[in-house]
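Last residue of the sequence shown: 320 (this note's numbering), numbering continuous. Using N, Cα and C, we set each Cβ at its ideal position, and we do this for glycine too. Scroll down for the structure; my scribbles are underneath it.
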Amino acid sequence: MATERGPSAAALFLIATLLWGTTWYAIKFELGVVAPEISVVYRFAAAGALLMLWCAATRRSLAFGRRDHAFLAAVGVLLFGLNYSAIYLAEAYATSGLVAVVFSTIVFMSPIGMRLAFRTALSARVFVAATLGVAGVALLFLPELVAAQAGGEVAIGIAYALVGTLLATAGNLVAVRNQRAGIPTFTGTAWGMLYGALSAALAALVHGVPWTIDTRPAYWIAFAYLVGGGSIAAFGAYLTLLKRVGAGPSAFVSVVTPIVALTVSTLLEDYRWTVVAVCGVVLAVGGNLLMLPAAAWHRVFTRGAAPPRR
């Protein structure tokens, strides 16, 4: 079978990992003057509009039926609008690295969701990996979990991050349905981002969130990075990787992204490592790695053709 042209799977993997691993820190510059929900509106309205223009310029059809639009709206609300609103709110209370590690638990939530929604089999390997991951996250957040008994702000950030992760898991399940229904990746993503921006705008209106503009250069530099890098380029690389090597190997992006984010948080946010935190990261990463079969490593780091359809 012939190999696909374009960037190798390893290159796509590195692009998605490095971009998403650094966006957690970039989000910090979006907080303050503009409410998190409004920043989400700005980000995905811009990313969706740019993707729409690109799809139109490359003659990709943007037309869908009402039923498909309903599912595209569901993806937008869950995966882009409410999910990112929760993550932005989480970063108002917790360091970007900690939020990134919490979000990595999507690797364990997704198989359970796939089982409930599509009757996908759950192996003993998945349960062992999930146990290691949950234990690792618990150790990593042990000080915050203890502080949560007193109602500390970090606990609020963890709660928002977990909500965002659950929403993203649900959004991924709908995205799987859309993929099986034959909806093209990039045009579907463009509509999803616009629906996500609309849902975040409606949520902001309902809660009376003020619409403001941040004039600081740092805000708009971060905004440009989040739109071009974190939204368009990272999602483009990840979705191409997903198509190229399958869902299992692509999940490894979620393993390395928190490590990149914690490294950035250590260098720029003065995150303090402890022996317990290190053990937590080791267990969490070990759980993620156990999720991947041995054959997945070859597909991630080689230029092989896409796996056969099941």
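In the same chain as A185, and ignoring 5 residues on each side of it, the C-beta atoms closer than 6 Å to its own belong to V85, in chain order.
Contact annotation: the stretch 204–215 touches the stretch 42–62, with at least three C-beta pairs closer than 8 Å.
Distance from the CA atom of G31 to the CA atom of V266, rounded to whole angstroms, is 8 Å. Distances from the alpha-carbon of L82 to those of F245, F39, Y205, E279 put Y205 closest. For the pair V144 and F151, the Cα-to-Cα distance works out to about 11 Å. Rounded to the nearest whole angstrom, the C-alpha separation of I37 and L236 is 8 Å.
Its chain contains A244, A247, Y248, V263 as the residues whose beta carbon lies nearer than 6 Å to that of A26, once the 5 sequence neighbours on both sides are disregarded; these appear in chain order. The residues P46, E47, V50, A210, A213, in chain order, have a CB closer than 7 Å to that of S95 in the same chain once the five nearest residues on each side in sequence are set aside. In the three-state DSSP reduction, R69 falls in the coil class, being neither helix nor strand.
Contact between the stretch 110–123 and the stretch 189–199 is absent: fewer than three C-beta pairs spanning the two stretches fall below 8 Å.
Annotation: the continuous alpha helix (DSSP H) that includes F128 extends over 116–128.
Contact between G174 and F113 holds, since their C-beta atoms are separated by about 7 Å, short of 8 Å. In this chain, the alpha helix (DSSP H) harbouring G167 covers 163–190. For the pair of segments examined, the stretch 99–112 was found to touch the stretch 267–281: the number of CB pairs separated by less than 8 Å reaches three.
The C-alpha of Q189 lies about 42 Å from the C-alpha of T284. Counting only the Cα atoms, L300 lies some 45 Å from G218. Counting the other CB atoms within 10 Å of its CB gives D280 a total below 16, which places it among the exposed residues. Here R76 carries a helix assignment [DSSP, helix/strand/coil].
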